[in-house]
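Residue numbers for the sequence shown follow the numbering used here, so the first one is 6 and each next one is one higher.
For glycine and all other residues, C-beta sits at the position ideal for the given N, C-alpha and C.
Right, one structure below, let's go through it.
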Amino acid sequence: MLGLAQAHLKYTLGDETMSKFRVNFLIVFFLECLLLLAHPYSVYSQDKNFEIGEEVVVVTNGSNLNLRQGAGTNYPVIAKLPDGTIMRIVGGPIEAEGYQWWELEGDLGRGWAVGIYLESRTKEILPLIGSKEDKPFDWRAQLTCPSDREVFQGIEYCEGTYQGFPVHVLVVDLQATGIDFEYIIPKGYSDGHEGKQPCRDPNVPAWAGPAKGCYDFSRDKYPTIGIFAAAERAREVTTSSPLAAIINGDYGSPEETHGPEGLMVIQQNRYDGAKNCDDDYNAALRPWLGIAKSIDSATGQLFVQINRLEKDSDPIPQWLYTGIGGGPWLIQEGQIVPGSRTCQGVKILTSLEPIENCTGIWKYPKPAPLIESYNPSSCRKAPHTAVGISKDQRWLFFVITTENQDPSAITNFMLKTLGVWNAMKFDGGGSSQMLFLGPPEIVVDPSKKGRELSNYLALYASKGKGIILPLDAEPKEKMYYQVIGEGQTAHIQLEVTNSGAFTWKAEDGIELRLEPWSLLSPIVEALPLPKAIAPGETASWDWKINTSGVLVKRFQMYQKGEAFGPEFAVIVVVVPKTLENKREEIARKIQERIDQWKAQGEQELEKLVQQIEEWALKQITNQINTLCQSLISIFSLSASLLFLRIRRSN
Numbered sequence: 006m007l008g009l010a011q012a013h014l015k016y017t018l019g020d021e022t023m024s025k026f027r028v029n030f031l032i033v034f035f036l037e038c039l040l041l042l043a044h045p046y047s048v049y050s051q052d053k054n055f056e057i058g059e060e061v062v063v064v065t066n067g068s069n070l071n072l073r074q075g076a077g078t079n080y081p082v083i084a085k086l087p088d089g090t091i092m093r094i095v096g097g098p099i100e101a102e103g104y105q106w107w108e109l110e111g112d113l114g115r116g117w118a119v120g121i122y123l124e125s126r127t128k129e130i131l132p133l134i135g136s137k138e139d140k141p142f143d144w145r146a147q148l149t150c151p152s153d154r155e156v157f158q159g160i161e162y163c164e165g166t167y168q169g170f171p172v173h174v175l176v177v178d179l180q181a182t183g184i185d186f187e188y189i190i191p192k193g194y195s196d197g198h199e200g201k202q203p204c205r206d207p208n209v210p211a212w213a214g215p216a217k218g219c220y221d222f223s224r225d226k227y228p229t230i231g232i233f234a235a236a237e238r239a240r241e242v243t244t245s246s247p248l249a250a251i252i253n254g255d256y257g258s259p260e261e262t263h264g265p266e267g268l269m270v271i272q273q274n275r276y277d278g279a280k281n282c283d284d285d286y287n288a289a290l291r292p293w294l295g296i297a298k299s300i301d302s303a304t305g306q307l308f309v310q311i312n313r314l315e316k317d318s319d320p321i322p323q324w325l326y327t328g329i330g331g332g333p334w335l336i337q338e339g340q341i342v343p344g345s346r347t348c349q350g351v352k353i354l355t356s357l358e359p360i361e362n363c364t365g366i367w368k369y370p371k372p373a374p375l376i377e378s379y380n381p382s383s384c385r386k387a388p389h390t391a392v393g394i395s396k397d398q399r400w401l402f403f404v405i406t407t408e409n410q411d412p413s414a415i416t417n418f419m420l421k422t423l424g425v426w427n428a429m430k431f432d433g434g435g436s437s438q439m440l441f442l443g444p445p446e447i448v449v450d451p452s453k454k455g456r457e458l459s460n461y462l463a464l465y466a467s468k469g470k471g472i473i474l475p476l477d478a479e480p481k482e483k484m485y486y487q488v489i490g491e492g493q494t495a496h497i498q499l500e501v502t503n504s505g506a507f508t509w510k511a512e513d514g515i516e517l518r519l520e521p522w523s524l525l526s527p528i529v530e531a532l533p534l535p536k537a538i539a540p541g542e543t544a545s546w547d548w549k550i551n552t553s554g555v556l557v558k559r560f561q562m563y564q565k566g567e568a569f570g571p572e573f574a575v576i577v578v579v580v581p582k583t584l585e586n587k588r589e590e591i592a593r594k595i596q597e598r599i600d601q602w603k604a605q606g607e608q609e610l611e612k613l614v615q616q617i618e619e620w621a622l623k624q625i626t627n628q629i630n631t632l633c634q635s636l637i638s639i640f641s642l643s644a645s646l647l648f649l650r651i652r653r654s655n
């Protein structure tokens, strides 16, 4: 029983030697005895009803769970599973040493672990494991987004790096107006109509459904087109907004014997599935990207989702306008999906609906159970394309890696650099392509094959100036002032803190602007951003000016011509040489007024500026008037004495 206590500590702490902990095993032994008396058949309530293929989460309250070669502490530890690790049940359970053991498989290996520290992913425990803060992830920090590519409203074409290799990123702001997506598929022939028309069947006529297939008459293959031809097709589909980009999408047949393999929803119409004589059931097995038609008035965002149908016969959601397949699921609720690096499927269908409405060769359901699967080459070391969504569902990312790496590269990039909450892979390898219509026009084709494909995703957007990030700023002072002598230069250190969630970068048109002297003035006076400013950091400018009298300037942070954060003011009071001895008094009086304003809760800045400006002008004017009156009196006295002297001389 003492060994049982020791084993329990090893399971919890993941420390084979327990050298970091000084434990009185006699006390542990006593506690174990009490537990055994309370539960004579089990040390803990540990039985779990996991199913083979089910995903589980490691829950150890911050420690590691030992993954062993066999069910028992006498087997070597092959990996230590951190809290929050997601694994898949592939065997078990086995009772050993008073515990229930399960065989697990995931990115850290395959082995056995005790079941009391495992929870099903369907439980509410998952969002608590590795969950992100409510503050948005700063995806802007590590990307370069050149300003000359900011030509569409709500879209940024950016570049990042992973392990020193370039990564292409297309960012879409789902709150921007004018954003649209369309499923782009080639035109072809079928047995049901004359002439060339857009394909409405993922199969060739021999294996067709109610749309009677689609094929290239000249080659007797399923139609495919290159990315520039896809752009022309996209312009035929809609002209509601300018075409911004084309991205490769779902898998197709390398031999071109069929079209898209996953969910195929074009303008709210579904063309795949068992009811359409499509026998792969991939809309339920594989994930897909679903996109709504227009912005939801309740959320102010275009709704997008990565999901899969529970079963193939389920109706598609009413909001779903465009649905395009892919897989595997790379990131789910902020966690890397086990097995995604090698395209291991996790979804299992235990019952399959009948195949219906075949117009070609009749098909029969495959034997159940059917497990999510992919062509082995889908996750080989090659360039890859993926799509991801932020936790707040505002940002949609299309990503293409450029080097021969397995999908773990694009997964880690999206998780660590973009903070993606959910992500799935599209077709990759020689199929990874993107066309950004600019100008400048940019073609991303890492394999340089120009491969023709059976489907693409088109992105449309209004012309504009890229993405307007939700930024915020906090000036160190609402009112800066300096009292100087005549002929001197004012030096004022202006400081503004980035109080928002995203990094400030000069390429985003971020600058500190001075209020123009006239609303009609075309001249914009601005202080450029000295460097990139991360959230919580402070930007600083040394502002110098030569002036006279009382000068008032107002400043505010701007991004691409749009103001953000509160404005602040600068007052420079120039004291004439004749009033140099009054300089300190004037400065003290200004500070007293500012302190009084702060004590009253910093009401309206404009009133404070006006009060100080008027007061300073009045003080200087009064001092000058007093001086002038003194001079006049002296002059008058001197004149009188001169007049008397003249009279006497006469």
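Practice task
Put Asn380 into one of helix, strand or coil per three-state DSSP.
Solution key: Along the sequence shown, one-based indexing puts residue 380 at 375. Three-state DSSP puts Asn380 in coil, outside helix and strand.
Handout entry: Distance CB(Tyr326)-CB(Val270) smaller than 9 Å
Key = Here residue 326 corresponds to residue number 321 of the sequence shown, with the count starting at 1. Here residue 270 corresponds to residue number 265 of the sequence shown, with the count starting at 1. It is a contact, given that the beta carbons lie within the stated cut-off.
Practice task
Please report how far the alpha carbon of Pro412 lies from the alpha carbon of Glu377, in whole angstroms.
Solution key: For the purposes of this step, residue 412 is taken as residue 407 along the sequence shown, with counting starting at 1. For the purposes of this step, residue 377 is taken as residue 372 along the sequence shown, with counting starting at 1. If I take the Cα positions, the gap works out to 17 Å.
Handout entry: Sheet register partners of Met419 (DSSP bridge)
Key = Counted from its first residue, the sequence shown places residue 419 at position 414. Per DSSP, none; premise fails for Met419.
Problem - Same chain only: Cβ atoms within 6 Å of Met92, ignoring 5 sequence neighbours per side - result: Position 87 of the sequence shown, counting from 1, holds the residue named residue 92. Contacts found: Val61, Leu109, Gly111, Pro343.
Problem - Lys421 vs Cys384 beta-carbon contact at 9 Å - result: On the sequence shown, residue 421 is found 416 positions in, with the first residue counted as 1. On the sequence shown, residue 384 is found 379 positions in, with the first residue counted as 1. In this structure, Cys384 does not lie closer than 9 Å to Lys421 by Cβ.
Exercise for the section: Using alpha carbons as the reference points, say which of Ile576, Lys453, Gly424 lies closest to His496. Expected result: Taking the first residue of the sequence shown as 1, we reach residue 496 at position 491. Measuring from the Cα of His496, the nearest candidate turns out to be Ile576.
Problem - Outcome for Ile394 when other beta-carbon atoms lying within 10 angstroms are tallied against a minimum of 16 - result: What you label residue 394 is simply residue 389 of the sequence shown in a count that begins at 1. By the 10 Å Cβ count, Ile394 comes out buried.
Handout entry: Inter-residue spacing [alpha-carbon to alpha-carbon] between Ala463 and Pro191
Key = In the sequence shown, counting from the first residue as 1, residue 463 sits at position 458. In the sequence shown, counting from the first residue as 1, residue 191 sits at position 186. Approximately 13 Å, taken between the alpha carbons.
Problem - Three-state secondary structure (DSSP) of Leu307 - result: On the sequence shown, position 302 is the one that residue 307 refers to. Residue state, collapsed to three classes: strand.
Exercise for the section: Have a look at Pro533, Asn503, Tyr465, Trp548 and flag the residue whose alpha-carbon is nearest the alpha-carbon of Thr182. Expected result: On the sequence shown, position 177 is the one that residue 182 refers to. Of Pro533, Asn503, Tyr465, Trp548, the residue nearest in Cα terms is Tyr465.
Handout entry: Nearest-angstrom beta carbon gap, Lys280 and Ser223 [assumed within contact, 8 Å]
Key = Locating residue 223 in the sequence shown gives position 218, where the first residue counts as 1. Locating residue 280 in the sequence shown gives position 275, where the first residue counts as 1. 31 Å between Cβ atoms; not a contact.
Practice task
Kindly identify the DSSP beta-bridge partner or partners of Cys163.
Solution key: Here residue 163 refers to the residue found at position 158 when the sequence shown is read from its first residue. Its beta-bridge partners are Val174.
Handout entry: For Asp221 and Asp687, believed in contact at Cβ under 8 Å, the rounded distance
Key = The question about residue 687 has no answer, for the chain in this structure spans 6 to 655.
Handout entry: Cβ contact check for the region 435–445 and the region 388–408: 3 or more pairs under 8 Å
Key = yes
Problem - Cα-Cα separation between Cys348 and Leu335, rounded to whole angstroms - result: Taking the sequence shown and counting its residues from 1, the one referred to as residue 348 is at position 343. Taking the sequence shown and counting its residues from 1, the one referred to as residue 335 is at position 330. Distance between the alpha carbons of Cys348 and Leu335: 9 Å.
Handout entry: Coil, strand or helix - Asp513 by DSSP
Key = Your numbering for residue 513 matches position 508 in the sequence shown. Correct three-state label for Asp513: helix.
Practice task
List in chain order: all unbroken alpha helix (DSSP H) runs of 4+ residues lying wholly within the region 204–282.
Solution key: 232–242
Exercise for the section: Tell me whether the beta-carbon of Asn208 lies closer than 9 Å to the beta-carbon of His263. Expected result: The sequence position of residue 208 within the sequence shown is 203, counting from 1. The sequence position of residue 263 within the sequence shown is 258, counting from 1. Closer than 9 Å, so yes.
Practice task
May I have the straight-line CA-CA distance separating Asp477 from Gln561, to the nearest angstrom?
Solution key: Position 472 of the sequence shown, counted from the start, is the residue given in the question as residue 477. Position 556 of the sequence shown, counted from the start, is the residue given in the question as residue 561. The alpha-carbon atoms of Asp477 and Gln561 are separated by roughly 11 Å.
Exercise for the section: Enumerate, from N- to C-terminal direction, the unbroken beta strand (DSSP E) stretches of 3 or more residues contained entirely within the region 441–506. Expected result: 447–449, 461–465, 478–480, 484–490, 495–503
Problem - Thr355 classed as buried or exposed, judged by whether at least 16 other C-beta atoms fall within 10 angstroms - result: For the purposes of this step, residue 355 is taken as residue 350 along the sequence shown, with counting starting at 1. Its Cβ having fewer than 16 others within 10 Å, Thr355 is exposed.
Problem - Cβ neighbours of Pro292 in the same chain (closer than 6 Å, five flanking residues each side left out) - result: In the sequence shown, counting from the first residue as 1, residue 292 sits at position 287. The residues are Ile311, Arg313, Gly332, Trp334, Met429.
Problem - Residue range of the unbroken beta strand (DSSP E) whose run includes Leu109 - result: Here residue 109 refers to the residue found at position 104 of the sequence shown. Run containing Leu109: 104–111, per the beta strand (DSSP E) assignment.
Exercise for the section: Keeping to the same chain, check which residues put their C-beta closer than 7 Å to that of Arg126; ignore five residues upstream and five downstream. Expected result: Within the sequence shown, the letter at position 121 stands for residue 126. For Arg126, where only same-chain residues beyond five positions count, the Cβ hits under 7 Å are Glu60, Val61, Val62, Ile91.
Problem - As assigned by DSSP and simplified to three states, the class of Glu542 - result: As a working note, residue 542 is residue 537 in the sequence shown. DSSP places Glu542 in coil when its eight states are reduced to three.
Problem - Distance, Val580 Cα to Glu589 Cα - result: Here the question's residue 589 lines up with position 584 in the sequence shown. Here the question's residue 580 lines up with position 575 in the sequence shown. Rounded to whole angstroms, Glu589 to Val580 spans 10 Å at the Cα level.
Practice task
Whole angstroms is fine: what's the gap from Gly120's alpha carbon to Lys85's?
Solution key: Counting from 1 along the sequence shown, the entry for residue 120 is found at position 115. Counting from 1 along the sequence shown, the entry for residue 85 is found at position 80. Cα-Cα distance, rounded: 15 Å.
Handout entry: Ser436 (DSSP reduced to helix, strand or coil)
Key = Indexing the sequence shown from 1 puts residue 436 at position 431. DSSP places Ser436 in helix when its eight states are reduced to three.
Practice task
Determine, using beta carbons only, whether Cys219 and Arg205 come nearer to each other than 9 Å.
Solution key: The sequence position of residue 219 within the sequence shown is 214, counting from 1. The sequence position of residue 205 within the sequence shown is 200, counting from 1. Yes, the pair counts as a contact, with Cβ atoms nearer than the cut-off.
Exercise for the section: From the DSSP output, in three-state form, read off Gly193 for me. Expected result: Mapped onto the sequence shown, residue 193 falls at position 188. Three-state DSSP puts Gly193 in a strand.
Handout entry: Nearest residue (CA-CA) to Lys549, options Gly77, Phe569, Tyr486
Key = In the sequence shown, residue 549 corresponds to position 544, counting from 1. Ranking Gly77, Phe569, Tyr486 by Cα distance to Lys549 puts Tyr486 first.
Practice task
Determine, using beta carbons only, whether Trp212 and Val176 come nearer to each other than 9 Å.
Solution key: In the sequence shown, the residue the question calls residue 212 occupies position 207. In the sequence shown, the residue the question calls residue 176 occupies position 171. Cβ distance not < 9 Å, so Trp212 and Val176 don't count as in contact.
Practice task
Compute the Euclidean distance between the alpha carbons of Gly469 and Leu440, then round it to the nearest angstrom.
Solution key: In the sequence shown, counting from the first residue as 1, residue 469 sits at position 464. In the sequence shown, counting from the first residue as 1, residue 440 sits at position 435. Those two C-alpha atoms are separated by around 18 Å.
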